[in-house]
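In the working numbering, the protein residues as written are 1 to 451.
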């Protein structure tokens with residue numbers, strides 16, 4: 001029994017040792033290589049044609065919107081201008097027949113138009129039935145105007161009377177004023193006498209004094225081509241235009257003397273002491289301001305034109321006013337007339353419009369002149385001696401050639417407000433307008449030398 005157990009134990013030991021050697025010291029078995037599979041072919045991607053980039057279509061140019069032309073009104077006859085769209089509004093002036101003005105607006109039913117007359121800053125209203133319209137009024141703005149106040153009915157309420165403001169009393173116009181009448185192919189120098197309101201013919205100026213020439217290349221300065229001496233001697237200087245030349249003539253009583261000649265002579269004026277005459281002379285297109293002594297009759301070139309400069313109007317006073325286009329527009333200048341005569345030229349208007357025919361007030365503190373306004377009309381203006389505070393005295397129709405009365409209370413001027421050229425007067429504030437040539441058949445213009 002003991003033998004059997006020993007045999008069994010020995011067998012177990014042998015088996016155990018054999019198992020351990022197989023695990024730790026036998027040769028490493030060679031790994032069986034896995035079969036290499038052929039690579040799956042990668043399919044080439046199908047080429048996608050490029051998407052065409054669309055060529056941008058250039059935008060169709062939009063034509064610029066044309067600037068609308070404002071409609072205009074032309075009067076069929078002389079009409080009243082009003083402060084608003086209706087006859088219940090106050091009359092603010094008159095507009096002569098055949099005058100054009102830009103239409104600024106209309107009332108709701110388009111039966112009244114607001115016009116830039118006398119200018120856009122001071123518009124007025126006119127009934128549509130009295131004007132002919134050029135252009136469309138569809139896009140015009142409707143201008144609302146408050147109705148004028150109406151009297152309140154009921155018991156009167158007592159109010160304290162305001163202190164009366166003294167009203168300046170302007171004495172009646174008197175003396176004699178010269179002017180030019182248009183005759184049959186001739187210009188005639190006439191005189192209007194306030195005593196009796198009579199008109200008398202004085203002298204022929206011929207068919208072509210340069211101040212009054214019309215047609216291509218003409219000057220038409222609206223300045224008077226004559227001047228009476230300020231000393232009361234009765235002497236008068238004037239331009240006679242027989243044709244293509246001008247002659248400066250002096251009449252002293254029955255004696256007539258030719259002082260100078262040129263292609264064109266403009267606007268003669270006297271010095272304050274009546275010893276010299278100043279005028280504009282033009283030869284071969286060259287302008288100059290001349291002075292001539294009435295005793296020795298020697299003319300000297302007082303102020304030659306600067307480069308590109310032309311002249312067209314003079315006024316003698318504390319300084320010499322003259323009209324020049326040196327800056328591109330007809331403006332009024334002044335220069336010295338004392339010991340440094342002909343020097344110190346200074347521009348005194350600067351509105352870049354046509355200004356002309358200056359006239360000093362008798363006291364030398366102001367000067368009057370005409371000026372072309374924004375609406376194309378010509379109006380009488382007054383400014384201080386240095387050109388400051390320019391303001392209009394007229395607003396109706398067109399007006400030219402102011403001339404002061406000797407006392408400075410009145411101004412004569414030419415106007416087309418009556419349908420033809422006539423000579424009018426107004427007080428120094430622009431009121432009391434009177435037509436002097438109402439019974440005078442020819443057209444009248446260029447007043448001057450009120451004495």
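Cβ atoms here follow ideal geometry from the backbone N, Cα and C, with glycine treated the same way.
Would you say residue 147 faces chain D, with C-beta separation under 8 Å as the test? Annotation note: the requested chain D is absent from the structure, which comprises a single protein chain.
Should residue 320 and residue 334 be called a contact, given that it needs their Cβ atoms to be closer than 8 Å? Here residue 320 refers to the residue found at position 320 of the chain shown. Here residue 334 refers to the residue found at position 334 of the chain shown. Yes, Cβ-Cβ distance for residue 320 and residue 334 is below 8 Å.
Cβ-Cβ separation, residue 442 to residue 181 (assumed contact under 8 Å), whole Å: Here residue 181 is taken as the residue at index 181 of the chain shown, counted from 1. Here residue 442 is taken as the residue at index 442 of the chain shown, counted from 1. That belief holds up - the Cβ atoms of residue 181 and residue 442 are roughly 5 Å apart, short of 8 Å.
What's the gap between the Cα of residue 118 and the Cα of residue 417? Position 118 of the chain shown, counting from 1, holds the residue named residue 118. Position 417 of the chain shown, counting from 1, holds the residue named residue 417. For the pair residue 118 and residue 417, the Cα-to-Cα distance works out to about 12 Å.
Just the C-alpha distance for residue 422 and residue 200, rounded to the nearest angstrom, thanks. Sequence index remark: in the chain shown, residue 422 carries index 422 (1-based). Sequence index remark: in the chain shown, residue 200 carries index 200 (1-based). Roughly 15 Å separates the two Cα atoms.
Which value, in whole angstroms, describes the spacing of the CA atoms of residue 111 and residue 425? Taking the chain shown and counting its residues from 1, one reaches residue 111 at position 111. Taking the chain shown and counting its residues from 1, one reaches residue 425 at position 425. Going from the Cα of residue 111 to the Cα of residue 425 covers about 35 Å.
Reduced DSSP category for residue 440 - H, G, I as helix; E, B as strand; rest coil: To locate residue 440, count along the chain shown from 1; it is residue 440. Looking at residue 440 - three-state DSSP - the assignment turns out to be coil, as it is neither helix nor strand.
Compare the Cα-Cα distances from residue 248 to each of 427, 383, 291 and report the closest residue. In the chain shown, residue 248 corresponds to position 248, counting from 1. Relative to residue 248, the option among 427, 383, 291 whose CA is nearest is 291.
Pull up the distance between the alpha-carbon of residue 390 and that of residue 327, whole angstroms please. Indexing the chain shown from 1 puts residue 390 at position 390. Indexing the chain shown from 1 puts residue 327 at position 327. Roughly 19 Å separates the two Cα atoms.
Quick one: Cα of residue 345 to Cα of residue 172, how far? Sequence index remark: in the chain shown, residue 345 carries index 345 (1-based). Sequence index remark: in the chain shown, residue 172 carries index 172 (1-based). So the alpha carbons of these two residues sit roughly 37 Å apart.
Does the beta-carbon of residue 139 have 16 or more other beta-carbons within 10 angstroms, so that it is buried, or is it exposed? Position 139 of the chain shown, counted from the start, is the residue given in the question as residue 139. When all chains shown are included, residue 139 counts as exposed.
Assuming residue 370 and residue 396 form a contact by the criterion Cβ under 8 Å, report the distance between their Cβ atoms to the nearest whole angstrom. Position 370 of the chain shown, counting from 1, holds the residue named residue 370. Position 396 of the chain shown, counting from 1, holds the residue named residue 396. The Cβ separation is near 14 Å, so there is no contact.
Can you tell me where the beta strand (DSSP E) holding residue 204 begins and where it ends? As a working mapping, residue 204 is identified with position 204 in the chain shown. Residue 204 -> beta strand (DSSP E) spans 198-206.
Residue 273, DSSP secondary structure in three states: Reading the chain shown from its first residue, position 273 is the one you call residue 273. The DSSP-derived three-state label of residue 273 is coil.
Give the single residue among 218, 359, 437, 378 whose Cα lies nearest to the Cα of residue 428. What you label residue 428 is simply residue 428 of the chain shown in a count that begins at 1. Cα-wise, what sits closest to residue 428 is 359.
Given this structure, state the Cα-to-Cα distance separating residue 311 from residue 349, to the nearest angstrom. The sequence position of residue 311 within the chain shown is 311, counting from 1. The sequence position of residue 349 within the chain shown is 349, counting from 1. In this model, residue 311 and residue 349 are separated by some 15 Å (Cα to Cα).
Given residue 209 as reference, the closest of 435, 202, 105, 243 once Cα atoms are compared: Within the chain shown, residue 209 is the residue found at index 209, counting from 1. Looking at the Cα atoms, 243 is the closest of the given residues.
Can you give the beta carbon distance from residue 445 to residue 238, rounded, assuming they're within the 8 Å contact cut? Residue mapping note: residue 445 aligns to position 445 of the chain shown, counting from 1. Residue mapping note: residue 238 aligns to position 238 of the chain shown, counting from 1. 15 Å between Cβ atoms; not a contact.
Give the straight-line distance between the Cα atoms of residue 232 and residue 81, rounded to the nearest whole angstrom. Numbered from 1 along the chain shown, position 232 holds the residue referred to as residue 232. Numbered from 1 along the chain shown, position 81 holds the residue referred to as residue 81. Roughly 43 Å between the two C-alpha positions.
Separation of residue 235 from residue 283, as counted between CA atoms: Here residue 283 refers to the residue found at position 283 of the chain shown. Here residue 235 refers to the residue found at position 235 of the chain shown. When rounded, the distance between both Cα atoms is 27 Å.
Put residue 130 into one of helix, strand or coil per three-state DSSP. The residue labelled residue 130 in the question sits at position 130 within the chain shown. Of the three classes helix, strand and coil, the one that applies to residue 130 here is helix, per DSSP.
Per DSSP, the bridge partner or partners of residue 191: For the purposes of this step, residue 191 is identified with residue 191 of the chain shown, where counting begins at 1. Residue 191 pairs with 178, 200.
Out of 270, 280, 269, which one is the CA nearest neighbour of residue 263? Start at 1 with the first residue of the chain shown, and residue 263 comes out as number 263. The option with the nearest alpha carbon to residue 263 is 280.
I'd like the list of long-range same chain contacts for residue 352, defined as Cβ closer than 7 Å, with 5 residues on each side in sequence excluded. Sequence index remark: in the chain shown, residue 352 carries index 352 (1-based). Only 329 meet the Cβ criterion.
Residue of 342, 205, 273 minimising C-alpha distance to residue 245: Residue 245 sits at position 245 when you count from the first residue of the chain shown. Here the closest residue by C-alpha is 205.
The beta strand (DSSP E) spanning residue 259 covers which residue range? In the chain shown, counting from the first residue as 1, residue 259 sits at position 259. In the DSSP assignment, residue 259 falls within the unbroken beta strand (DSSP E) covering 255-262.
Pairwise C-alpha distance: residue 226 and residue 378: Numbered from 1 along the chain shown, position 378 holds the residue referred to as residue 378. Numbered from 1 along the chain shown, position 226 holds the residue referred to as residue 226. Taking the straight line joining both Cα atoms gives about 22 Å.
Looking at C-alpha atoms only, which residue of 438, 430, 128, 365 is the closest neighbour of residue 170? The residue given as residue 170 occupies position 170 in the chain shown. Looking at the Cα atoms, 430 is the closest of the given residues.
Between which two residues does the beta strand (DSSP E) harbouring residue 249 extend? Residue 249 sits at position 249 when you count from the first residue of the chain shown. Looking at the DSSP string, the run of the beta strand (DSSP E) that includes residue 249 is 246-252.
Nearest by alpha-carbon distance to residue 113: which of 198, 415, 85 is it? For the purposes of this step, residue 113 is identified with residue 113 of the chain shown, where counting begins at 1. The residue with the shortest Cα to Cα distance from residue 113 is 85.
Between which residues of its own chain and residue 191 is the CB-CB distance below 6 Å, once the five residues before and five after are set aside? Walking along the chain shown from the start, residue 191 turns up at place 191. These residues qualify, in order along the chain: 176, 178, 200, 202.
Return the first residue and the last residue of the beta strand (DSSP E) that residue 115 is part of. As a position in the chain shown, residue 115 is number 115, starting the count at 1. Its beta strand (DSSP E) spans residues 112-119.
At a cut-off of 7 Å, would you count residue 404 as near the ligand SAM, judging by its Cβ distance to the nearest heavy atom? The ligand content of the structure shown is nil, which means the ligand SAM is not present either.
Using only CA atoms, which one of 384, 241, 380 lies nearest to residue 461? Missing from the structure shown is residue 461; the chain here goes from 1 to 451 and no further.
Thinking just about the alpha-carbon of each residue, which of 93, 363, 387, 394 is nearest to the one in residue 372? Here residue 372 is taken as the residue at index 372 of the chain shown, counted from 1. The shortest Cα separation from residue 372 among 93, 363, 387, 394 belongs to 394.
In terms of residue numbering, what span does the beta strand (DSSP E) encompassing residue 240 cover? Locating residue 240 in the chain shown gives position 240, counting from the first residue. Taken as a continuous stretch (DSSP letters only), the beta strand (DSSP E) holding residue 240 covers 236-240.
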